[in-house]
Amino acid sequence: DNCPLDPNPTQIDTDNDTEHCSACGVSCGPGRACDQGSCVYNPVHQVSAGLAHTCAIRADGTLECWGNNQSGRLGDGSTVDSPVPTTIPLMPQAARVVAGNGHTCAITVEESLFCWGDNGWRQVGVESDETKSPVAVPGLPPIADVQLSNNSTCALTAEETPRVFCWGSNSSGQLGDGTTTLRSTPAVVPELTGATGIGAGGSHGCAVMANGQVRCWGANYLGQLGDGSTTERHTPVTVLGLTGAVEVVCG
Numbered sequence: 001d002n003c004p005l006d007p008n009p010t011q012i013d014t015d016n017d018t019e020h021c022s023a024c025g026v027s028c029g030p031g032r033a034c035d036q037g038s039c040v041y042n043p044v045h046q047v048s049a050g051l052a053h054t055c056a057i058r059a060d061g062t063l064e065c066w067g068n069n070q071s072g073r074l075g076d077g078s079t080v081d082s083p084v085p086t087t088i089p090l091m092p093q094a095a096r097v098v099a100g101n102g103h104t105c106a107i108t109v110e111e112s113l114f115c116w117g118d119n120g121w122r123q124v125g126v127e128s129d130e131t132k133s134p135v136a137v138p139g140l141p142p143i144a145d146v147q148l149s150n151n152s153t154c155a156l157t158a159e160e161t162p163r164v165f166c167w168g169s170n171s172s173g174q175l176g177d178g179t180t181t182l183r184s185t186p187a188v189v190p191e192l193t194g195a196t197g198i199g200a201g202g203s204h205g206c207a208v209m210a211n212g213q214v215r216c217w218g219a220n221y222l223g224q225l226g227d228g229s230t231t232e233r234h235t236p237v238t239v240l241g242l243t244g245a246v247e248v249v250c251g
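In our numbering, the protein residues as written are 1 to 251.
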């Protein structure tokens, strides 16, 4: 069966547009992508669940989110909840996504960081209140990992000698910069140069160092920093009795 060629070939990319694939303008449907004019399987590559929303990256780098959309945490430009996955426009090809409490961040294949959603504590990393769509976080080198606390964000760089940057709420010293001052843009966490991994909890953060030690900072009212005390720490402290660590995860 023949079908007419696309009357506006310059307006629609029929080689790669999932909704208008091939000269016949076929919609490939959920879980599939358009590759050189043919619908192909497009499996989920990575998924992250936040407080009340979820995001997933497909094999081709397409980002989809669903669930609660308060403050625009889904990144589709609206605040309308979605009970099914919706593709996030304005987001470059993604390699990793992390869904948090009220905001979301994703690292692109080019190692740039984009964030969106609740920005009441400037946890998105920009001054604007219009953060219902992905925005590039300024002032960062290439990024290897990102972790989200309740109202703050930390990122590990992909530099030869990695550094850790944090921004947002700092009420418990969770930015690790020695203060409790809110940061609207990324600031380097001192004493973490050469870190190999990071984690973020509700109001604290941790990093794995190249020597296998773990250093943590921020809220410590339940001893979550592991330094033998319940004293809040505004700069990183070494976790006692822990060596040879390769990864850290914070709850």
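Note that the Cβ used here is the ideal one computed from N, Cα and C, for glycine as well.
From residue i to residue j, what does the alpha carbon distance come to, in whole angstroms?
i, j, result
"residue 6", "residue 75", "In this prediction, residue 6 scores a pLDDT of 48, lower than 50, which makes its location untrustworthy; the coordinate-derived value is nonetheless stated afterwards. Looking at the two C-alpha atoms, the distance is approximately 31 Å."
"residue 319", "residue 209", "The requested residue 319 is not part of the displayed model; the chain covers only 1 to 251."
"residue 223", "residue 145", "25 Å"
"residue 166", "residue 20", "41 Å"
"residue 1", "residue 24", "In this prediction, residue 1 has a pLDDT of 42, which is less than 50 and means its spatial position is unreliable; what the coordinates show is noted afterwards. If I take the Cα positions, the gap works out to 11 Å."
"residue 300", "residue 48", "Beyond the ends of the chain as shown, which are 1 and 251, falls residue 300; an answer cannot be given."
"residue 163", "residue 46", "24 Å"
"residue 38", "residue 157", "37 Å"
"residue 171", "residue 95", "31 Å"
"residue 22", "residue 187", "47 Å"
"residue 213", "residue 110", "30 Å"
"residue 18", "residue 57", "15 Å"
"residue 234", "residue 174", "7 Å"
"residue 240", "residue 215", "9 Å"
"residue 138", "residue 180", "22 Å"
"residue 129", "residue 201", "24 Å"
"residue 301", "residue 64", "With the chain running from 1 to 251 in the structure shown, residue 301 is simply not present."
Report the residue from the options whose alpha carbon sits nearest the alpha carbon of residue i.
i, options, result
"residue 132", "102, 155 and 111", "102"
"residue 35", "52, 29 and 15", "15"
"residue 247", "195, 221 and 234", "195"
"residue 142", "127, 197, 136 and 159", "159"
"residue 55", "41, 17, 82 and 27", "82"
"residue 114", "84, 70 and 154", "154"
"residue 108", "59, 211 and 70", "59"
"residue 97", "28, 229, 227 and 134", "134"
Would you identify the three-state DSSP class for residue i, choosing helix, strand or coil?
i, result
"residue 48", "strand"
"residue 169", "coil"
"residue 37", "coil"
"residue 72", "helix"
"residue 187", "strand"
"residue 249", "coil"
"residue 32", "strand"
"residue 66", "strand"
"residue 229", "coil"
"residue 121", "coil"
"residue 20", "coil"
"residue 57", "strand"
"residue 43", "coil"
"residue 236", "strand"
"residue 199", "strand"
"residue 242", "coil"
"residue 178", "coil"
"residue 218", "strand"
"residue 82", "strand"
"residue 1", "Only weak support is given to the placement of residue 1: the predicted model assigns it a pLDDT of 42, under 50, and the value that follows is read from those uncertain coordinates. Looking at residue 1 - three-state DSSP - the assignment turns out to be coil, as it is neither helix nor strand."
"residue 140", "coil"
"residue 126", "coil"
Taking CB distances under 8 Å as the criterion, tell me whether residue i reaches chain B.
i, result
"residue 50", "Among the chains of the structure shown, chain B does not appear; only one protein chain is present."
Considering only DSSP beta bridges, list what residue i is partnered with.
i, result
"residue 133", "Partner(s): none; residue 133 has no beta bridge."
"residue 156", "145 and 164"
"residue 98", "105"
"residue 87", "64"
"residue 205", "200 and 217"
ask   = Per the contact definition of three or more C-beta pairs closer than 8 Å, is the segment 150 to 170 in contact with the segment 114 to 121?
value = Verdict: yes, contact present.
message = Assess contact between the segment 85 to 92 and the segment 190 to 202, defined as three or more Cβ pairs (one per stretch) separated by less than 8 Å. Is contact present?
response = Segments in contact, no.
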